[in-house]
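J.: Residue 1 is where the sequence shown starts when you use full-length UniProt numbering, and the numbers rise one by one after that. Here a beta-carbon is modelled for each residue, glycine too, at the ideal position from N, C-alpha and C. This structure is in structure tokens; I'll ask about it shortly.
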Amino acid sequence: MARIIDHIIKQPIIIGLIVLLLIVSVSGCVDFVRSLEETAIPDLSDPVLKKADPYLDEMVFDNVTLRAYAATAVSGGPSGDKEYQVNKLYRYVVENYAYYSDPRSREFIQDPFETIQIGGGDCEDLTILLCSLLENIGIRSYFVMTENHTYCLVAGLDEEKLRGYVDGSIIEVAAGELAKKEKMDTLIEDGKLYLVNEKSESMVLKDNYLWYYGGDGSKFNLPIQYMNMEYSVTSTQPISIYVVPSKADYEALRTSKNFNEYPSNRAENILKISDICETMLSHGGLVLKNDAGKDSIVDVLIKTYYSYSTQDFLKDKDMTSCVVNNQTCIVLDPTAGIYGYVGASGKPADGEVVAIDPIKKDYYYIQTGNV
Numbered sequence: 001m002a003r004i005i006d007h008i009i010k011q012p013i014i015i016g017l018i019v020l021l022l023i024v025s026v027s028g029c030v031d032f033v034r035s036l037e038e039t040a041i042p043d044l045s046d047p048v049l050k051k052a053d054p055y056l057d058e059m060v061f062d063n064v065t066l067r068a069y070a071a072t073a074v075s076g077g078p079s080g081d082k083e084y085q086v087n088k089l090y091r092y093v094v095e096n097y098a099y100y101s102d103p104r105s106r107e108f109i110q111d112p113f114e115t116i117q118i119g120g121g122d123c124e125d126l127t128i129l130l131c132s133l134l135e136n137i138g139i140r141s142y143f144v145m146t147e148n149h150t151y152c153l154v155a156g157l158d159e160e161k162l163r164g165y166v167d168g169s170i171i172e173v174a175a176g177e178l179a180k181k182e183k184m185d186t187l188i189e190d191g192k193l194y195l196v197n198e199k200s201e202s203m204v205l206k207d208n209y210l211w212y213y214g215g216d217g218s219k220f221n222l223p224i225q226y227m228n229m230e231y232s233v234t235s236t237q238p239i240s241i242y243v244v245p246s247k248a249d250y251e252a253l254r255t256s257k258n259f260n261e262y263p264s265n266r267a268e269n270i271l272k273i274s275d276i277c278e279t280m281l282s283h284g285g286l287v288l289k290n291d292a293g294k295d296s297i298v299d300v301l302i303k304t305y306y307s308y309s310t311q312d313f314l315k316d317k318d319m320t321s322c323v324v325n326n327q328t329c330i331v332l333d334p335t336a337g338i339y340g341y342v343g344a345s346g347k348p349a350d351g352e353v354v355a356i357d358p359i360k361k362d363y364y365y366i367q368t369g370n371v
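Next comes the structure, spelled out in structure tokens:
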């Protein structure tokens, strides 16, 4: 009898547990179905995705090491400036990673860490690296495939603002090449490029003598636009300072004839001075004159800044864009090398051009044009 009572008591408990489990199971199924409805699952039998998937699988979107690489590359710029960050990440890739073809035996796909370790890769490898770096600091990218090339796209950029950063990078690269060619230092200031020549000398300037340092007075021709002359002079005796537009004017001053000068730079009876003469349109120079009645020990430092036109460097540097999902996107071709820039068109496409969202795996057929 006790067993029957115990069975009667336990039966509703068991039934209740079964009902509870059924409720939980059904609820879980409903949530799972809802999750499937809300999340688009890519159709990997699609020929476009089937072709792209081996490359997309190598991308890394949320890795602390890659995030650190990206953060270091964009450091020093305005916080949250997307245009600055895109340009700096692009420069990081093209300046630090070379183009290497795959082995002849097979298509060799590298993940970002392998590309970093090797120091380069082919167009797919470099694009995988660039997209991964962009995505790791929250910049949405597209992986673009053509019949013969692969590159990256970025949407949502202020094109005018981006153009300023791109031009600055083009000028920086040109300045480096110019410094090697001319064997002179270069300076970029407020978007302007200068060739810099420095002269320092210590001397005994005899009484009633003049000293000249400068050019022959010839007018500047492009690419040189003008020059600025900055100078510092110290003397043990009071001397006079003149800046003249030509050596002929120095000779006229020396022989007590009428001469041309930059009057705002004249300084008489000085022991120490630092000054600058700006926007000199001819190759003039600095004159020191000792009429103190005694010899003077003079130290002089002269820096000449030749303004170099950047017009030719920026000529024909169009920025290539396209429309993806109703947004204008800018081309980033990581195989362009050090002379490449954000928006450089890269190789002409053969056949269809497809832009793929590497995370969602949505894709779009596109045509490119110039911004």
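1. Could you say if the region 237-249 and the region 319-330 meet the contact criterion of at least three C-beta pairs nearer than 8 Å?
2. Beta-carbon within less than 6 Å of residue 136's beta-carbon, same chain only, minus the 5 sequence neighbours each way: which residues are those?
3. How is the alpha helix (DSSP H) around residue 176 delimited, first residue to last?
4. May I have the straight-line CA-CA distance separating residue 252 from residue 258, to the nearest angstrom?
5. Would you identify the three-state DSSP class for residue 113, choosing helix, strand or coil?
6. What runs of the beta strand (DSSP E), each 3 residues or longer, lie entirely inside the region 70-130?
7. Leaving out five residues before and five after residue 199 in sequence, what residues of the same chain have Cβ atoms less than 7 Å from its Cβ?
8. How would you call residue 85, buried or exposed, if buried means at least 16 neighbouring beta carbons within 10 angstroms?
9. What residues in its chain sit with their C-beta under 7 Å from that of residue 170, if we drop five residues either side in the sequence?
10. Assess, as a yes-or-no matter, whether the region 104-123 is touched by the region 350-367 under the definition of 3 or more beta carbon pairs within less than 8 Å.
11. Start and end of the alpha helix (DSSP H) containing residue 313?
12. Just reading off the beta strand (DSSP E) that residue 344 is part of, what are its end residues?
13. Alpha carbon to alpha carbon, how far is residue 299 from residue 263?
14. Go ahead and pull the three-state DSSP assignment for residue 222.
15. DSSP three-state label for residue 261, please.
16. Is residue 58 buried or exposed, if buried means 16 or more other CB atoms sit within 10 Å of its CB?
17. Would you decide whether residue 363 is buried or exposed? Buried here means 16 or more other CB atoms lie within 10 Å of its CB.
18. Is the region 262-282 close to the region 225-239, with three or more CB pairs under 8 Å?
19. My assumption, with CB atoms under 8 Å, is that residue 114 sits in contact with residue 55. Please give the rounded CB distance.
20. Which whole-angstrom value describes the C-beta separation of residue 269 and residue 206, a residue pair presumed to lie in contact below a C-beta threshold of 8 Å?
21. Cα-Cα, which of 271, 238, 309 is closest to residue 294?
22. Starting from residue 52, follow the alpha helix (DSSP H) in both directions and report where the run begins and ends.
23. Below 7 Å CB to CB, which residues in the same chain sit around residue 184 once its five sequence neighbours on both sides are set aside?
24. Between which two residues does the alpha helix (DSSP H) containing residue 250 stretch?
25. Taking all protein chains shown into account, do 16 or more other C-beta atoms lie within 10 angstroms of the C-beta of residue 339, making it buried, or fewer, making it exposed?
26. Leaving out five residues on either side along the sequence, give the residues of the same chain with a beta carbon under 7 Å from the beta carbon of residue 167.
27. Using a 10 Å radius around the Cβ and a threshold of 16 neighbouring Cβ atoms, would you call residue 372 buried or exposed?
28. How would you label residue 82, buried or exposed, when you count the other beta carbons within 10 angstroms and need 16 or more for buried?
29. Are the beta-carbon atoms belonging to residue 272 and residue 235 less than 9 Å from one another?
30. Determine whether the beta carbon atoms of residue 154 and residue 142 lie at a separation below 9 Å.
T.: Reading from the atomic positions:
1. Result no; under three Cβ-Cβ pairs closer than 8 Å.
2. Translated into positions along the sequence shown, residue 136 becomes position 136. Cβ within range, chain order: 66, 67, 70.
3. Along the sequence shown, one-based indexing puts residue 176 at 176. 159-182 is the extent of the alpha helix (DSSP H) around residue 176.
4. Position 252 of the sequence shown, counted from the start, is the residue given in the question as residue 252. Position 258 of the sequence shown, counted from the start, is the residue given in the question as residue 258. In a straight line, the C-alpha of residue 252 is about 6 Å away from that of residue 258.
5. Looking up residue 113 in the sequence shown gives position 113. DSSP places residue 113 in helix when its eight states are reduced to three.
6. Runs of beta strand (DSSP E) with 3 or more residues, each lying fully within the region 70-130, are absent.
7. Mapped onto the sequence shown, residue 199 falls at position 199. If you ignore the 5 residues before and after residue 199, its C-beta comes within less than 7 Å of the C-beta of 213, 302, all in its own chain and listed in chain order.
8. In the sequence shown, counting from the first residue as 1, residue 85 sits at position 85. Under this definition residue 85 is a buried residue.
9. If you number the sequence shown from 1, residue 170 lands on position 170. Setting aside the 5 residues that flank it on each side, residue 170 is surrounded in the same chain by 313, 314, 317, 341, each with a C-beta closer than 7 Å to its C-beta; the list follows chain order.
10. Under the Cβ criterion (8 Å, minimum of three pairs), the region 350-367 does not count as touching the region 104-123.
11. To locate residue 313, count along the sequence shown from 1; it is residue 313. 311-314 is the span of the alpha helix (DSSP H), which, as asked, contains residue 313.
12. Taking the sequence shown and counting its residues from 1, the one referred to as residue 344 is at position 344. Premise fails: residue 344 is in no beta strand (DSSP E) and is neither H nor E.
13. The residue you call residue 299 lines up with position 299 of the sequence shown. The residue you call residue 263 lines up with position 263 of the sequence shown. Each residue's Cα considered, the two are about 23 Å apart.
14. Here the question's residue 222 lines up with position 222 in the sequence shown. Here DSSP, grouped into helix, strand and coil, assigns residue 222 to coil.
15. Translated into the one-based positions of the sequence shown, residue 261 becomes position 261. Residue 261: coil per DSSP, three-state reduction.
16. Here the question's residue 58 lines up with position 58 in the sequence shown. Residue environment: residue 58 is assigned as buried (16 or more neighbouring CB atoms within 10 Å of its CB, all protein chains considered).
17. On the sequence shown, residue 363 is found 363 positions in, with the first residue counted as 1. Result: buried.
18. Enough Cβ pairs lie closer than 8 Å, so yes.
19. Along the sequence shown, one-based indexing puts residue 114 at 114. Along the sequence shown, one-based indexing puts residue 55 at 55. About 13 Å; that fails the 8 Å criterion.
20. In the sequence shown, counting from the first residue as 1, residue 269 sits at position 269. In the sequence shown, counting from the first residue as 1, residue 206 sits at position 206. With 8 Å as the limit, residue 269 and residue 206 do not qualify as a contact, their Cβ atoms being about 17 Å apart.
21. To locate residue 294, count along the sequence shown from 1; it is residue 294. Of 271, 238, 309, the residue nearest in Cα terms is 238.
22. Reading the sequence shown from its first residue, position 52 is the one you call residue 52. Looking at the DSSP string, the run of the alpha helix (DSSP H) that includes residue 52 is 47-56.
23. Stepping through the sequence shown from its first residue, residue 184 is reached at position 184. Around residue 184: 195, 196, 197.
24. Stepping through the sequence shown from its first residue, residue 250 is reached at position 250. For residue 250, the uninterrupted alpha helix (DSSP H) segment begins and ends at 247-254.
25. In the sequence shown, counting from the first residue as 1, residue 339 sits at position 339. Residue environment for residue 339: exposed (fewer than 16 other C-beta atoms within 10 angstroms of its C-beta).
26. Here residue 167 corresponds to residue number 167 of the sequence shown, with the count starting at 1. The residues are 314.
27. As displayed, the chain neither begins before 1 nor continues past 371, which places residue 372 out of reach and without an answer.
28. Within the sequence shown, numbered from 1, the residue matching residue 82 stands at position 82. Buried is the call here.
29. In the sequence shown, the residue the question calls residue 272 occupies position 272. In the sequence shown, the residue the question calls residue 235 occupies position 235. Yes, the Cβ-Cβ distance between residue 272 and residue 235 is below 9 Å.
30. Residue numbering aside, residue 154 sits at position 154 when the sequence shown is read from its first letter. Residue numbering aside, residue 142 sits at position 142 when the sequence shown is read from its first letter. In contact: residue 154 and residue 142 (Cβ atoms closer than 9 Å).
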